[in-house]
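Numbering (this note's numbering), first residue to last: 153 to 512.
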């Protein structure tokens, strides 16, 4: 009989101490026939974690364990699970469930299900609160569990589950590939993945950053052009150039010249935002005159579906793509969160499991 998994994690207990997380036991998801249970070995640190812990997206359900870039080893599978067996390596991203019966779910858009269940700070119908990956283990429906290819290390796969998929999905959806010119706004955790994927998919990549200390890194990631957004009227040199402009910014404020960014799009070019700022940080204002000259389109994107995640992992496997990560023990999560909030990470923190290793 398999060893029973303990469920405990680094939890927020006091919103006033948003990055002072305490090891806390929690009740896991009620195990169902199509569920997969995973002992977590690694978890990436996402901007969503900061927004949630600081209450930027609203009040959290306490105590709360965040983290939705999860990699680990399967420990248990339900009777109806066909894709996994104990011992397999697998990952979970920012979604762990959906209704599976609506039009979106039936058409392969389960990530847009109106009744989707987020990996953390959500509640199941039976009242169990979903707890995330800064923890020992997780249970999720097999549709939201992704097989990790043997060639990809778990420490590299972890942040692909949210950060990687969140940008791969819109790039794929909007036709990134040979002959396309793709712009990336914001080269942090998501943005660095966008550069890696867009280049691997065959596009000509334009990276837009205000931080010139990242310029050499961005070139090494594969960007063909690194554009300094601090330069006066930087956009004028790129008018009617881009087919896709993907924004990963999760802070906008009043100083981002969004209309000028849109002017760089070619006819019917797509502006897609995947960064989600705090609730009170809206998109900069626009006028219809900002949209008419090139007929550009505005849109968003939410994580990605299972088919896209498997495609993304195969792209990484086949081309040997590795994210630029910094590893930390899970007990150092407070430092990782603070550094992420202050934009000090290059380019994604990945936490390694330590809860049951005598450190706590």
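We treat Cβ as the ideally placed atom computed from N, Cα and C, and that holds for glycine.
Could you tell me whether the Cβ atoms of residue i and residue j are closer together than 8 Å?
i	j	result
residue 387	residue 404	no
residue 373	residue 397	no
residue 338	residue 437	no
residue 357	residue 376	yes
residue 201	residue 219	yes
residue 308	residue 499	no
residue 238	residue 163	no
residue 244	residue 269	no
residue 276	residue 181	yes
residue 355	residue 332	yes
residue 341	residue 199	yes
residue 503	residue 300	no
residue 349	residue 467	yes
residue 501	residue 175	no
residue 469	residue 305	no
residue 395	residue 334	yes
residue 379	residue 352	no
residue 411	residue 439	yes
residue 431	residue 209	yes
residue 241	residue 225	yes
residue 159	residue 186	no
residue 312	residue 429	no
Based on the DSSP secondary-structure assignment, which residues constitute the bridge partners of residue i?
i	result
residue 501	478
residue 283	Beta-bridge pairing links residue 283 to no other residue.
residue 425	399 and 452
residue 202	Answer by DSSP bridge pairing: none, since residue 202 is not bridged.
residue 418	DSSP output for residue 418 lists no bridge partner at all.
residue 394	417
residue 358	335 and 377
residue 435	Answer is none; residue 435 lacks a bridge partner.
residue 317	Residue 317 pairs with nothing; no bridge assigned.
residue 194	223 and 504
My understanding is that residue i touches residue j, with C-beta atoms under 8 Å, so please give their C-beta distance in whole angstroms.
i	j	result
residue 456	residue 263	6 Å
residue 171	residue 490	5 Å
residue 247	residue 298	At roughly 11 Å, the Cβ-Cβ gap does not stay under 8 Å, so residue 247 and residue 298 are not in contact.
residue 157	residue 191	6 Å
residue 283	residue 233	Incorrect: roughly 21 Å between the Cβ atoms, too far for contact.
residue 207	residue 167	5 Å
residue 213	residue 281	5 Å
Count the other CB atoms within 10 Å of the CB of residue i; is the residue buried (16 or more) or exposed (fewer)?
i	result
residue 273	buried
residue 462	exposed
residue 423	buried
residue 255	exposed
residue 161	buried
residue 419	exposed
residue 460	buried
residue 361	buried
residue 203	buried
residue 511	Confidence in residue 511 is poor, its pLDDT being 45 and thus under 50, which makes the residue's placement too unreliable to answer from.
residue 435	exposed
residue 189	buried
residue 519	No statement about residue 519 is possible, as the shown extent of the chain runs from 153 to 512 and does not include it.
residue 442	buried
residue 365	exposed
residue 183	exposed
residue 252	exposed
residue 258	exposed
residue 444	exposed
residue 402	buried
residue 153	Caution is warranted here: a pLDDT of 43 is assigned to residue 153, below 50, making its placement in the model unreliable, and no coordinate value can be reported.
residue 458	buried
residue 165	exposed
residue 392	exposed
Next on the checklist: Quick test of the definition: if touching needs 3 or more C-beta pairs under 8 Å, does the segment 288–295 touch the segment 475–482?
Outcome noted: Here the segment 288–295 does not lie against the segment 475–482, with fewer than 3 beta-carbon pairs under 8 Å apart.
Next on the checklist: If contact is defined by three or more beta carbon pairs under 8 Å, each pair taking one atom from either stretch, is the segment 311–325 in contact with the segment 442–458?
Outcome noted: The segment 442–458 is in contact with the segment 311–325.
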